[in-house]
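Residue numbers (this note's numbering), protein chains in the order written: chain A, 1 to 258; chain D, 1001 to 1109.
For every residue, glycine included, the Cβ atom is placed at its ideal position computed from N, Cα and C.
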């Protein structure tokens, strides 16, 4: 190494102006992935901070948790909205299902980082094994989210008696079951709108991530990365997958805890 | 179609147990923070203090994911700061819009 310590990895063959250098000592693809993720962080941050802003602009439910009824007058308590689990009907299990979902996504992030570690070692068998676990985790998470949406849309047996302005601009009073973009039984209309929009946008990212992981798994399995001489693609897709996990951590806090 | 030579020509290095141990340790920390958040959600009173704690713990988790899982800590300093410094603006956005929302609340109700 020379005495000059710059952030540019200088190609020893061609010198600093000869081309082929790597700014910031990261490859083109990795650098671009980081800058894409930075812009995506801003997008998600804008959505999530909007959620927080709209949430504090409504009164919070203040009474005892046992007496909670959905109303468009105040923001609901998340553990009383998200309290259902698959296969058992009518059981009050607050935040259990979303806890499982979070655990699945964090686990898939761990298997992804193990795949990246195996990629550094050019170990094809380990890369393929860990990528397969990650795909499994991602697909399971998507399935859970589909169930979560389905339950959110169809609602509870009881529903909530609400007075609201419907899509035909009439003021109506009726028992509402589930949620759509006009009205929902849990809270103000913006609660369901934000839920659909933000978890939907996150789920869209997860879907793309699963596709990319599958592509990566296939290419690793048939030996394309071996012939290419490096496993950098695993690293780049890994960055994207960790980002998806990163966003979920914030979605989880804002929608399910606060 | 010609059958592709499906044998690795690259040298495979042995597992770095220390690195793998660190990955599992980070995963354990993330899990522990999440469990702590769950316990807090059910035992503490709702309010500004709890929300502040939740957001602080979430940012703490994000720090582990970015530095350890995404290896941002291992990148050169200019790259590290070019990712981290723009995010500081988000903290202002958070404060400004949270304030804005509570002002709307006072106007509306």
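- By the Cβ rule, the stretch 194 to 211 of chain A counts as touching the stretch 137 to 150 of chain A, because three or more pairs are nearer than 8 Å.
- Taking a contact as a CB-CB distance under 8 Å, the pair residue 41 (chain A) and residue 1087 (chain D) counts as one, their CB atoms being some 7 Å apart.
- Contact annotation for residue 99 (chain A) against chain D: 1038 [CB-CB distance below 7 Å, chain order].
- Using a CB distance cut-off of 8 Å, residue 59 (chain A) counts as an interface residue toward chain D.
- At a cut-off of 8 Å between beta carbons, residue 1063 (chain D) makes no contact with chain A.
- Listed along the chain, the chain A residues whose CB falls inside 8 Å of the CB of residue 1054 (chain D) are 253, 257 and 258.
- Taken in chain order, the unbroken stretches of alpha helix (DSSP H) that lie wholly in the stretch 77 to 106 of chain A and span 4 residues or more are 78 to 81.
- Contacts with chain D at 8 Å (Cβ-Cβ) do not include residue 22 (chain A).
- Across the structure, residue 1066 (chain D) and residue 54 (chain A) are spaced so that their CA atoms are roughly 28 Å apart.
- In the displayed model, residue 237 (chain A) falls within a helix according to three-state DSSP.
- Within 10 angstroms of the beta-carbon of residue 72 (chain A) lie 16 or more other beta-carbons, which makes it buried.
- Boundaries of the beta strand (DSSP E) harbouring residue 174 (chain A): 171 to 176, taken from the DSSP string.
- Beta bridge pairing from DSSP links residue 165 (chain A) with A:171.
- Taking residue 43 (chain A) as reference, the option from A:241, A:201 and A:27 with the minimal CA-CA separation is A:201.
- Listed along the chain, the chain A residues whose CB falls inside 7 Å of the CB of residue 1109 (chain D) are 59.
- Taking the Cα positions, residue 186 (chain A) is about 10 Å away from residue 161 (chain A).
- Interface residue (Cβ-Cβ distance to chain A less than 8 Å): residue 1023 (chain D) is classified as such.
- For residue 253 (chain A), there is no enclosing alpha helix (DSSP H), since its DSSP letter is neither H nor E.
- Taking all protein chains in view, the Cβ of residue 1091 (chain D) is surrounded by fewer than 16 other Cβ atoms within 10 Å, so the residue is classified as exposed.
- Under a criterion of Cβ atoms nearer than 9 Å, no residue of chain A is adjacent to residue 1067 (chain D); the nearest Cβ is some 11 Å distant.
- Proximity of chain D to residue 108 (chain A) at the Cβ level (cut-off 7 Å) is not reached, the minimal Cβ distance being about 11 Å.
- With fewer than three CB-CB distances shorter than 8 Å, the stretch 122 to 134 of chain A does not count as touching the stretch 44 to 64 of chain A.
- Under the three-state reduction of DSSP, residue 184 (chain A) is assigned to strand.
- Contact annotation for residue 25 (chain A) against chain D: 1076 [CB-CB distance below 7 Å, chain order].
- Residue 1052 (chain D) sits away from residue 257 (chain A), with the two beta carbons spaced by 8 Å or more.
- Residue 126 (chain A): member of the alpha helix (DSSP H) spanning 124 to 154, first to last residue.
- The C-beta of residue 34 (chain A) comes closer than 8 Å to at least one C-beta of chain D.
- Not a single C-beta of chain D is nearer than 8 Å to the C-beta of residue 135 (chain A).
- Between residue 192 (chain A) and residue 128 (chain A), the gap from beta carbon to beta carbon reaches 8 Å or more.
- Shown here, residue 22 (chain A) sits in a strand according to DSSP, grouped into three states.
- Per DSSP, residue 16 (chain A) lies in no alpha helix (DSSP H) and is assigned neither H nor E.
- Cβ atoms of residue 252 (chain A) and residue 195 (chain A) stay farther apart than 8 Å, at about 13 Å.
- CA-CA distance, residue 99 (chain A) to residue 1063 (chain D), rounds to 20 Å.
- The beta carbon of residue 1073 (chain D) sits no closer than 8 Å to any beta carbon of chain A.
- Taking each of D:1041, D:1010 and D:1075 in turn and checking the Cα distance to residue 77 (chain A), the smallest one comes out for D:1041.
- For residue 102 (chain A), the nearest beta carbon of chain D is closer than 8 Å to its own beta carbon.
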